[in-house]
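Residue numbers for the sequence shown follow this note's numbering, so the first one is 17 and each next one is one higher.
Using N, Cα and C, we set each Cβ at its ideal position, and we do this for glycine too.
Beneath this line is the structure, given in structure tokens, with notes to follow.
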Amino acid sequence: MKEARIKKPEGQQRLFGLSTPVRSAVIPPLSAARWLLVLIVAAGVYFFHGFLVPVLAALVIAFASWPAYRRLLAAVGGNRTIAATLAILFILTFLVVPIALAGAYASNEVREWVGWAIETNREGAVTPHWIATLPVV
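What follows is the structure in structure tokens.
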């Protein structure tokens with residue numbers, strides 16, 4: 017025999033509480049979406065922070081050289097391929113080559129300094145005259 021069920025409207029008081037429990041999310045959906053967005057942005061910054069400095073340097077070079085590029089474009093008759101090629105060659109000649117030369121000079125100086133430090137550590141250094149003539153306190 018089938019048991020008859022009594023249907024009560026949702027949310028109506030029963031003997032031991034409401035028929036359907038009132039539930040609320042522990043974290044509201046809007047708050048969860050905001051935190052997820054913050055985590056995604058933080059992960060992007062973490063993974064691409066090494067890429068950010070070269071991009072910013074390229075932006076500075078692009079903004080600084082844009083007026084010269086426009087004049088160069090007018091000088092070559094509007095041919096963007098030739099103007100872009102010449103602009104890249106100028107930037108390499110006047111920006112990258114001096115920086116590379118300075119880097120080579122700096123690496124040579126560091127190599128000589130390390131050699132001097134190793135030799136001085138092994139054999140000792142002479143006390144400078146100005147230190148030797150200091151009055152003793």
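Spatial distance of residue i from residue j (CA atoms)
i       : j       : result
Ala-58  : Leu-75  : 23 Å
Pro-114 : Pro-44  : 57 Å
Val-61  : Leu-52  : 14 Å
Ala-148 : Ala-141 : 13 Å
Ala-118 : Asn-137 : 28 Å
Leu-108 : Ala-91  : 20 Å
Phe-63  : Trp-132 : 40 Å
Val-69  : Asn-124 : 26 Å
Tyr-121 : Trp-129 : 12 Å
Val-54  : Asn-95  : 45 Å
Thr-97  : Val-126 : 42 Å
Assumed close pair residue i, residue j - CB separation to whole angstroms, cut-off 8 Å
i      : j      : result
Leu-46 : Ile-77 : Going by Cβ atoms, the distance from Leu-46 to Ile-77 rounds to 42 Å, so no, they are not a contact pair.
Sequence-distant residues of its chain with Cβ nearer than 6 Å to residue i (five each side left out)
i      : result
Leu-89 : Ala-99
Pair every Cβ in the stretch 69-85 with every Cβ in the stretch 94-106, then say whether three or more of these pairs are closer than 8 Å. yes
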